[in-house]
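J.: Structure in structure tokens, see below.
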Amino acid sequence: MHPLLHTKDNTGCEQVMIALEECHAKGFVWKAVGMCNDAKQQLVQCLRAERAKSQNSNRNDVQDKRSKIRQKWKEIDENS
1 MHPLLHTKDN TGCEQVMIAL EECHAKGFVW KAVGMCNDAK QQLVQCLRAE RAKSQNSNRN
61 DVQDKRSKIR QKWKEIDENS
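Spelled out as structure tokens, the structure:
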């Protein structure tokens, strides 16, 4: 499994990652005939959901920072 998948940001998908690793450990032929496709699809969906959560959190943080900056500029303009 790619080392970047095992970060603190993806703890919600840990069980799905383990299931995919176990499937891959069964051998090349098992993977080649598509027996791990369901586990991989579940992992993709889980990581997509985790990324969406992170994006929403970051977006909210940026909006808060921007509103604080606008408020400061408003105060500066009023006092000038």
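Under UniProt numbering, the sequence shown has 22 at position 22, and the numbering climbs by one with no breaks. Yeah, the Cβ is synthetic: ideal placement off N, Cα and C, and Gly gets one too.
1) For GLY12, does the three-state DSSP call read helix, strand or coil?
2) Where do the ends of the alpha helix (DSSP H) carrying SER54 lie?
3) With burial defined as no fewer than 16 other Cβ atoms inside 10 Å of the residue's Cβ, what is the status of VAL29: buried or exposed?
4) Please report the straight-line C-alpha distance between VAL33 and ASN58, rounded to a whole angstrom.
5) Answer with buried or exposed for residue 83, where buried requires no fewer than 16 other C-beta atoms within 10 angstroms of its C-beta.
6) Could one say the Cβ of LEU20 lies closer than 8 Å to chain C's Cβ atoms, at least one of them?
7) Report the CB separation of ALA39 from CYS13 in whole angstroms; it is logged as a contact under 8 Å.
T.: Taking the coordinates as given:
1) helix
2) 37-79
3) exposed
4) 40 Å
5) Residue numbering for the chain in the displayed model covers 1 to 80; residue 83 lies beyond these limits and cannot be assessed.
6) The structure shown contains no chain C, having only a single protein chain.
7) Going by Cβ atoms, the distance from ALA39 to CYS13 rounds to 11 Å, so no, they are not a contact pair.
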